[in-house]
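Asks: Residue numbers (our numbering): 8 to 360. Got a structure for you, questions after.
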């Protein structure tokens, strides 16, 4: 009874001070980093939030010192945490909370807008999803053909980068991956323009050849026969006019790749593992040969079957089969190096490579 009567009376109760400190720590222990979007944020809210957090940390230190001095409630007060001090503390905490809520509603300041990325993806897909096969042209303009095939590969990679960037941003408040910069967008647009110009030029070349063939059918037929003979592939590949358009299924292109590297050897039944292995050995051969500039770059260390069914890759594959663009030394090296996993597939095992 006597201890209770002699207990000190604090200006701010220990329970009220502890509650205020707990609410304050919810802000200071979970700060939000708005540094990447400052150009889009209301400056007053940003200053209130950043300065307020610093003030709250000082308030917590003062409050902790006061509680330590009081101990079990019988110790002396330091006189720092008064009712007036607590009122200012509460005002700062409310200001920080309101500023954080306001800032969280602001969209991020991206260097390239979502609309601009979406527009470029749509225009690029109009090219890549409707790729034209110019392999049957007798006398294509080589520069245009290289620009077109390599450009389609670059556009495929650009589309993937743009889609990944948009997925990261989400509703407009997610982080940027930094994949799509203004400089990258400028190069992307230049590639798209170059692909369109090359396609138009090659299509005109095709029309010119048709007109020439109609005007001189005998010469045109002779030229076609000559071209077929000159471009006939080695290793058992079909002649150009007998090949289907580049719209092969996963199983079909997997089978063609296996036949290219191991002609005449019985093939395994098609499976996801078989398709992924075919994509891998194709990418290995391309990276070691002269085709790497006009075949789309394979994503990751082990590309999957989804890579070899890309329209641009199938066009490149048809050209490789017709003209033996992959060096024979490269083909035989790849075939020898990966014969063991190929045999594992044929025996129903998972390939190790």
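We treat Cβ as the ideally placed atom computed from N, Cα and C, and that holds for glycine. Please read all numbers here as calculations on a predicted model, not as lab measurements.
Is residue 19 closer than 9 Å to residue 93 when the C-beta atoms are compared?
Replies: Result yes, Cβ atoms of residue 93 and residue 19 sit closer than 9 Å.
Asks: With a threshold of 8 Å on Cβ separation, who are the neighbours of residue 269 within its own chain once the five nearest residues in sequence on each side are excluded?
Replies: Closer than 8 Å at Cβ, skipping near neighbours: 342, 346 and 349.
Asks: Quick one: Cα of residue 251 to Cα of residue 172, how far?
Replies: In this predicted model, residue 251 has a pLDDT of only 44, less than 50, meaning its place in the structure is not dependable; the value taken from the coordinates is given anyway. The straight-line gap from Cα to Cα measures roughly 36 Å.
Asks: Compute the Euclidean distance between the alpha carbons of residue 248 and residue 255, then round it to the nearest angstrom.
Replies: Confidence in residue 248 is poor, its pLDDT being 40 and thus under 50, which makes the residue's placement too unreliable to answer from.
Asks: Can you list, in chain order, the residues of its chain with a C-beta nearer than 8 Å to that of residue 25? Leave out the 5 residues immediately preceding and following it.
Replies: Contacts found: 74.
Asks: Relative to the C-alpha of residue 42, which residue among 34, 31, 56 and 30 is closest?
Replies: Ranking 34, 31, 56 and 30 by Cα distance to residue 42 puts 56 first.
Asks: Report yes if the CB atom of residue 21 is closer than 9 Å to the CB atom of residue 77, and no otherwise.
Replies: Cβ atoms of residue 21 and residue 77: closer than 9 Å.
Asks: Short check: CB of residue 352 to CB of residue 284, under 9 Å?
Replies: Yes.
Asks: Check the C-beta distance from residue 127 over to residue 194 and give it rounded, since I have them as a contact under 8 Å.
Replies: In fact, because the Cβ distance is near 11 Å, the residues do not count as touching under 8 Å.
Asks: Would you report the Cα separation of residue 59 and residue 97, rounded to the nearest angstrom?
Replies: Cα-Cα distance, rounded: 11 Å.
Asks: Closest by CA to residue 119, which one among 132, 169, 153 and 33?
Replies: That would be 169, whose Cα lies nearest to the Cα of residue 119.
Asks: Going by CA-CA distance only, name the one from 290, 149 and 129 that's closest to residue 167.
Replies: Selected option, being the one with the closest Cα: 129.
Asks: Looking only at C-alpha atoms, which of 152, 29, 279 and 337 sits nearest to residue 68?
Replies: It is 29 whose Cα lies nearest to the Cα of residue 68.
Asks: Curious, which full-length alpha helix (DSSP H) runs of at least 4 residues does the segment 42-115 contain?
Replies: Within the segment 42-115, the complete alpha helix (DSSP H) runs of at least 4 residues are 50-77 and 90-111.
Asks: Does residue 306 come out as helix, strand or coil in the three-state DSSP assignment?
Replies: With a pLDDT of 48 at residue 306, under the threshold of 50, the modelled position of this residue cannot be trusted; read the value that follows with caution. Correct three-state label for residue 306: coil.
Asks: Below 8 Å on the Cβ atoms is my contact criterion, and I expect residue 52 with residue 110 to pass it. Report the Cβ-Cβ distance as a whole number of Å.
Replies: The Cβ separation is near 5 Å, so the contact holds.
Asks: Since residue 161 and residue 317 are thought to touch, with beta carbons under 8 Å apart, how far apart are those beta carbons, to the nearest angstrom?
Replies: Residue 161 to residue 317, Cβ: 13 Å. No contact.
Asks: Of the residues 79, 86, 50 and 37, which one's Cα is nearest the Cα of residue 104?
Replies: Cα-wise, what sits closest to residue 104 is 37.
Asks: Use the C-beta contact count for residue 159: other C-beta atoms within 10 angstroms, 16 or more gives buried, fewer gives exposed.
Replies: Classification for residue 159: buried.
Asks: Report all residues from its chain with a CB closer than 7 Å to the CB of residue 207; omit the five preceding and five following residues, and keep chain order.
Replies: Answer for residue 207: no residue qualifies.
Asks: Can you have a look at residue 344 and say buried or exposed, based on whether 16 or more other CB atoms are within 10 angstroms of its CB?
Replies: Exposed, since its Cβ has fewer than 16 Cβ neighbours within 10 Å.
Asks: By the DSSP assignment, the alpha helix (DSSP H) with residue 29 in it spans what residues?
Replies: Where residue 29 is concerned, the enclosing alpha helix (DSSP H) stretches over 21-35.
Asks: For residue 277, which three-state DSSP category applies?
Replies: Of the three classes helix, strand and coil, the one that applies to residue 277 here is coil, per DSSP.
Asks: Cα separation between residue 246 and residue 157?
Replies: Note on residue 246: pLDDT 41, under 50, position unreliable in the model; the coordinate value appears next. Their backbone Cα atoms lie some 24 Å apart in a straight line.
Asks: Pick from 292, 87, 354 and 70: whose alpha carbon is nearest that of residue 4?
Replies: Outside the shown range of the chain, which is 8 to 360, sits residue 4, and nothing can be said about it.
Asks: Under the rule that 16 or more other beta-carbon atoms within 10 Å means buried, what is residue 23, buried or exposed?
Replies: Answer is exposed; the Cβ neighbour count stays below 16.
Asks: The alpha helix (DSSP H) with residue 139 in it runs from where to where?
Replies: No alpha helix (DSSP H) holds residue 139; DSSP gives it neither H nor E.
Asks: So, is residue 61 buried or exposed, given that buried needs 16 or more other C-beta atoms within 10 angstroms?
Replies: Answer is exposed; the Cβ neighbour count stays below 16.
Asks: Can you tell me where the alpha helix (DSSP H) with residue 341 in it begins and where it stops?
Replies: Segment 335-344, the alpha helix (DSSP H) holding residue 341.
Asks: Beta-carbon within less than 6 Å of residue 264's beta-carbon, same chain only, minus the 5 sequence neighbours each way: which residues are those?
Replies: 285 and 289, listed in sequence order.
Asks: Whole angstroms is fine: what's the gap from residue 102's alpha carbon to residue 54's?
Replies: For residue 102 and residue 54, the distance between alpha carbons rounds to 11 Å.
Asks: Between which two residues does the alpha helix (DSSP H) containing residue 118 stretch?
Replies: From DSSP, residue 118 is part of no alpha helix (DSSP H); its letter is neither H nor E.
Asks: Could you check the C-alpha separation between residue 187 and residue 177 for me, to the nearest Å?
Replies: Residue 187 and residue 177: Cα-Cα distance of roughly 15 Å.
Asks: What's the gap between the Cα of residue 364 and the Cα of residue 152?
Replies: An answer regarding residue 364 cannot be provided, because it is not within the stretch 8 to 360 covered by the chain.
Asks: Closer than 7 Å by C-beta to residue 90: which residues in its own chain qualify, once you throw out the five before and the five after it? Chain order, please.
Replies: For residue 90, where only same-chain residues beyond five positions count, the Cβ hits under 7 Å are 18 and 19.
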